[in-house]
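Trainee:
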Amino acid sequence: MSYSDKVIDHYNNPRNVGSMDKSSADVGTGLVGAPECGDVMKLQIKVNPATNVIEEAKFKTFGCGSAIASSSLATEWVKGKTVDEALSIKNMDIVKELSLPPVKIHCSVLAEDAIRAAIGDWKKKQESAKPVAVEAR
Amino acid sequence: MSTDVKIPQDLTRTQHDAPTGVKLPIYMDNHATTPVDPRVLEEMLPYFMEKFGNSASRNHSFGWAGEEGVETARERIAKLIGATTKEIIFTSGATESDNLAIKGVAEMYREKGNHIITAVTEHKAVLDTCKRLEKHGYRVTYLPVQKDGLIDLEDLKRAMDDKTILVTIMAANNEIGVLQPIAAIGKLCRERGVIFHTDATQLIGKVPVDVNKDNIDVMSISAHKMYGPKGVGALYVRRKNPRVQISAIIDGGGHERGMRSGTLNVAGIVGLGKACAIAQEEMAKESRRLSGLRDRLRDRIMGRLDEVYVNGSMEHRLPGNLNISFAYVEGESLLMGINDIAVSSGSACTSATLEPSYVLKALGTGDDLAHSSIRFGIGRFNTEAEVDYVADRVIETVERLRELSPLYEMAKEGINLKDVKWAGE
Numbered sequence: 001m002s003y004s005d006k007v008i009d010h011y012n013n014p015r016n017v018g019s020m021d022k023s024s025a026d027v028g029t030g031l032v033g034a035p036e037c038g039d040v041m042k043l044q045i046k047v048n049p050a051t052n053v054i055e056e057a058k059f060k061t062f063g064c065g066s067a068i069a070s071s072s073l074a075t076e077w078v079k080g081k082t083v084d085e086a087l088s089i090k091n092m093d094i095v096k097e098l099s100l101p102p103v104k105i106h107c108s109v110l111a112e113d114a115i116r117a118a119i120g121d122w123k124k125k126q127e128s129a130k131p132v133a134v135e136a137r
Numbered sequence: 138m139s140t141d142v143k144i145p146q147d148l149t150r151t152q153h154d155a156p157t158g159v160k161l162p163i164y165m166d167n168h169a170t171t172p173v174d175p176r177v178l179e180e181m182l183p184y185f186m187e188k189f190g191n192s193a194s195r196n197h198s199f200g201w202a203g204e205e206g207v208e209t210a211r212e213r214i215a216k217l218i219g220a221t222t223k224e225i226i227f228t229s230g231a232t233e234s235d236n237l238a239i240k241g242v243a244e245m246y247r248e249k250g251n252h253i254i255t256a257v258t259e260h261k262a263v264l265d266t267c268k269r270l271e272k273h274g275y276r277v278t279y280l281p282v283q284k285d286g287l288i289d290l291e292d293l294k295r296a297m298d299d300k301t302i303l304v305t306i307m308a309a310n311n312e313i314g315v316l317q318p319i320a321a322i323g324k325l326c327r328e329r330g331v332i333f334h335t336d337a338t339q340l341i342g343k344v345p346v347d348v349n350k351d352n353i354d355v356m357s358i359s360a361h362k363m364y365g366p367k368g369v370g371a372l373y374v375r376r377k378n379p380r381v382q383i384s385a386i387i388d389g390g391g392h393e394r395g396m397r398s399g400t401l402n403v404a405g406i407v408g409l410g411k412a413c414a415i416a417q418e419e420m421a422k423e424s425r426r427l428s429g430l431r432d433r434l435r436d437r438i439m440g441r442l443d444e445v446y447v448n449g450s451m452e453h454r455l456p457g458n459l460n461i462s463f464a465y466v467e468g469e470s471l472l473m474g475i476n477d478i479a480v481s482s483g484s485a486c487t488s489a490t491l492e493p494s495y496v497l498k499a500l501g502t503g504d505d506l507a508h509s510s511i512r513f514g515i516g517r518f519n520t521e522a523e524v525d526y527v528a529d530r531v532i533e534t535v536e537r538l539r540e541l542s543p544l545y546e547m548a549k550e551g552i553n554l555k556d557v558k559w560a561g562e
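Here the protein sequences come in this chain order: A and B. Under the numbering used here, the first residue of the first sequence carries the number 1, and numbering increases by one thereafter. Under the numbering used here, the first residue of the second sequence carries the number 138, and numbering increases by one thereafter.
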């Protein structure tokens with residue numbers, strides 16, 4: 001199978017590789033996939049609590065070149081977007097941008113799942129933080 | 138608020154030039170196919186334009202020249218495996234040989250029984266042929282393998298019953314290079330009057346085989362795995378002690394004593410014969426060289442990387458084969474990082490089915506490690522300098538991909554990956 005130039009570029013120069021403190025209140029972590037399936041993505045976002053803008057995004061991926069490229073691209077795209085804007089990213093946008101063949105569409109689905117999981121984790125933290133704040137007053 | 142951002146090392150892929158004496162790309166996938174040896178090609182060439190006759194043409198010199206080429210090849214193959222010339226049937230390759238052996242025996246001995254025994258790690262040419270026979274009323278036992286890839290002879294004994302007509306077990310596995318105990322299997326079959334077929338595609342020319350000492354009744358042979366051309370192979374069919382008969386699956390002009398009709402691929406057969414002659418001459422020395430290179434590759438990789446696992450027995454193994462899993466790294470992404478080296482992976486992502494290697498799964502290798510496997514097939518034209526280059530590139534790429542891997546990070550944090558509840562499961 002031959003890869004598109006964009007997949008190769010992301011594989012050779014992955015953007016935003018790394019990890020953030022997952023216990024931090026403004027960090028949301030998404031961990032999707034399973035080792036048995038050959039794909040695991042961890043995508044993290046750091047959100048500005050005042051503006052809901054994703055200021056930082058990091059990823060680590062176990063998977064094929066297309067999975068690495070999909071998650072690398074996802075971190076690029078969510079950065080600078082508000083949480084709600086980031087939720088509008090669809091897997092088919094990733095497929096189109098990276099010219100993924102049909103057999104690799106699941107990689108883009110996983111990247112979309114990772115974005116949603118990270119945002120979901122962050123939202124959960126915001127909700128559980130609220131009552132604590134009331135009590136503290 | 139400060140968030141602890143861990144900046145990993147530079148994860149940009151390093152681009153390499155070939156070291157002195159190494160020409161890129163490197164071919165190290167010699168279980169898939171091999172290049173034709175120049176000495177083989179040289180012998181084949183006259184059979185395309187000068188000696189192009191049909192070996193079945195009995196009444197002119199063109200036919201005689203073709204026949205002479207074919208018969209010399211038959212002698213060379215027979216000599217390599219300890220057979221006689223009348224026991225060699227030419228085919229289009231090992232897949233056809235496997236089909237002819239299994240279907241041919243099944244049909245011929247239908248009155249005697251309908252039970253066939255094979256193993257789960259066989260090549261698809263054997264497994265799918267057996268599956269088809271199941272649809273036609275045959276019963277097939279698929280023996281499991283042990284952790285090292287070998288079948289348990291006790292399992293084989295237990296599986297045999299009075300309806301068993303055929304045991305088909307490969308001599309050397311195409312993925313993990315593991316050698317089955319064919320002489321012992323053959324002995325068991327002989328004692329019980331069961332025909333023993335072995336797919337020896339990967340073994341012939343690499344490891345000595347003798348159809349009499351190894352108690353083999355029917356054996357599949359391919360040319361292109363032993364530096365001969367593609368599209369030609371042979372089937373050994375025992376003529377006495379006991380005499381084995383097989384039904385043809387291709388009908389026509391009655392070539393090859395009625396067992397395989399069709400004009401012979403004379404040039405290809407000449408190439409197969411020459412490949413056998415070279416192997417006979419050089420096998421002992423070459424197999425020592427190959428196992429030396431293979432061990433060098435393994436030692437270099439395992440000396441530098443932790444959590445690297447060899448799949449299958451190291452003791453009972455083809456000299457040029459190394460199949461290893463690199464934990465926390467997915468096979469296809471590893472192949473992409475070493476794209477100036479041709480090797481194979483048992484990863485699902487390299488197949489259309491998205492299922493990882495059934496051979497590795499049969500060894501009890503978890504799906505995660507099956508996804509992380511690479512098969513190196515070192516061959517006649519690989520050099521020590523190439524092996525060192527390959528080892529260095531693999532080490533560097535695995536290290537880079539592990540820095541990219543969330544699984545490696547979790548393992549380093551002391552998390553047992555088996556205890557994690559994965560969303561995708």
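Glycine included, C-beta positions come from ideal geometry on N, C-alpha and C.
Taking only three categories from DSSP, how would you classify serine 482 (chain B)?
Mentor: strand
Trainee: Return the first residue and the last residue of the beta strand (DSSP E) that alanine 57 (chain A) is part of.
Mentor: Unbroken beta strand (DSSP E) run through alanine 57 (chain A): 54–62.
Trainee: Output needed in chain order: residues of the stretch 497–529 of chain B with a Cβ under 8 Å from some Cβ in chain D.
Mentor: In the structure shown, chain D cannot be found, because the protein chains are A and B.
Trainee: Rounded to whole angstroms, what is the Cα-Cα separation between leucine 316 (chain B) and isoleucine 306 (chain B)?
Mentor: 10 Å
Trainee: Using beta carbons (cut-off 8 Å, strictly below), is tyrosine 446 (chain B) in contact with chain A?
Mentor: no
Trainee: Do the CB positions of valine 7 (chain A) and leucine 110 (chain A) come within less than 8 Å of each other?
Mentor: In this structure, leucine 110 (chain A) does not lie closer than 8 Å to valine 7 (chain A) by Cβ.
Trainee: Would you identify the three-state DSSP class for leucine 148 (chain B), choosing helix, strand or coil?
Mentor: coil
Trainee: Taking the alpha helix (DSSP H) that phenylalanine 185 (chain B) belongs to, which residues open and close that run?
Mentor: 183–186
Trainee: Would you list the one or two residues that DSSP bridges to glutamine 44 (chain A)?
Mentor: A:Thr29, A:Lys58
Trainee: List in chain order: all unbroken alpha helix (DSSP H) runs of 4+ residues lying wholly within the stretch 165–251 of chain B.
Mentor: 175–181, 183–186, 198–218, 231–245
Trainee: Any contact of the stretch 34–45 of chain A with the stretch 59–72 of chain A, i.e. 3+ C-beta pairs under 8 Å?
Mentor: Between the stretch 34–45 of chain A and the stretch 59–72 of chain A there are three or more C-beta pairs closer than 8 Å, enough to call the two in contact.
Trainee: With a cut-off of 8 Å on the beta carbons, I'd call isoleucine 383 (chain B) and methionine 245 (chain B) a contact; round off their distance for me.
Mentor: With a Cβ gap of about 6 Å, isoleucine 383 (chain B) and methionine 245 (chain B) count as contacting.
Trainee: How would you list, in chain order, the residues of chain A whose beta-carbon sits under 9 Å from the beta-carbon of tryptophan 559 (chain B)?
Mentor: Result: Leu31, Val32, Gly33, Ala34, Pro35, Glu36, Cys37, Val40.
Trainee: Does any C-beta atom of chain A lie closer than 8 Å to the C-beta of methionine 181 (chain B)?
Mentor: no
Trainee: Is the separation between the beta-carbon of arginine 276 (chain B) and that of histidine 252 (chain B) shorter than 8 Å?
Mentor: yes
Trainee: Which residues does DSSP pair with serine 359 (chain B) in a beta bridge?
Mentor: B:Gly370
Trainee: Say whether chain A places a C-beta atom closer than 8 Å to the C-beta of tyrosine 465 (chain B).
Mentor: yes
Trainee: Just how far apart, CA to CA, sit alanine 479 (chain B) and arginine 512 (chain B)?
Mentor: 10 Å
Trainee: If we define contact as Cβ-Cβ less than 8 Å, is alanine 548 (chain B) a contact residue for chain A?
Mentor: no
Trainee: List the endpoints of the continuous beta strand (DSSP E) containing arginine 512 (chain B).
Mentor: 510–514
Trainee: Measure the Cβ-Cβ separation of leucine 434 (chain B) and valine 524 (chain B) and say whether it is below 8 Å.
Mentor: Yes.
Trainee: On a CA-only basis, which of B:Thr209, B:Ser481, B:Ile552 is nearest glutamate 469 (chain B)? Give me that one, please.
Mentor: B:Ser481
Trainee: Could you tell me which residues DSSP pairs with leucine 280 (chain B) in its beta bridges?
Mentor: B:Ala256
Trainee: Chain A beta carbons: is any one of them nearer than 8 Å to that of glutamate 469 (chain B)?
Mentor: yes
Trainee: Let's test the definition: count the other Cβ atoms within 10 Å of the Cβ of asparagine 167 (chain B) and tell me whether it reaches 16, buried, or not, exposed.
Mentor: buried
Trainee: Tell me which residue opens and which closes the alpha helix (DSSP H) that leucine 472 (chain B) is part of.
Mentor: 468–474
Trainee: Please list the terminal residues of the continuous beta strand (DSSP E) segment that includes aspartate 336 (chain B).
Mentor: 332–336
Trainee: At the 8 Å Cβ level, is isoleucine 94 (chain A) part of the contact set with chain B, yes or no?
Mentor: no
Trainee: Tell me whether tyrosine 446 (chain B) sits in a helix, a strand or coil according to DSSP, three-state version.
Mentor: strand
Trainee: So, for lysine 104 (chain A): in the same chain, excluding its five sequence neighbours on each side, which residues have a beta-carbon less than 6 Å away from its beta-carbon?
Mentor: Listed in chain order, the non-local C-beta contacts of lysine 104 (chain A) below 6 Å within the same chain comprise Ser66, local neighbours out to five positions each way being set aside.
Trainee: So does threonine 228 (chain B) have its beta carbon nearer than 7 Å to some heavy atom of the ligand NAP?
Mentor: Annotation note on the ligand NAP: not contained in the displayed structure, which lists no ligands.
Trainee: Starting from threonine 96 (chain B) and walking both ways along the alpha helix (DSSP H), at which residues does that stretch end?
Mentor: In the structure as shown, chain B begins at 138 and stops at 562. Residue 96 (chain B) is therefore absent and cannot be evaluated.
Trainee: Can you tell me whether aspartate 26 (chain A) is buried or exposed, with buried defined as 16 or more other CB within 10 angstroms of its CB?
Mentor: buried
Trainee: Against chain A, does methionine 356 (chain B) count as a neighbour if the rule is that its beta carbon must be under 8 Å from one of theirs?
Mentor: Cβ-Cβ to chain A under 8 Å: no for methionine 356 (chain B).
Trainee: Does the stretch 231–238 of chain B touch the stretch 368–388 of chain B, meaning 3 or more C-beta pairs lie closer than 8 Å?
Mentor: yes
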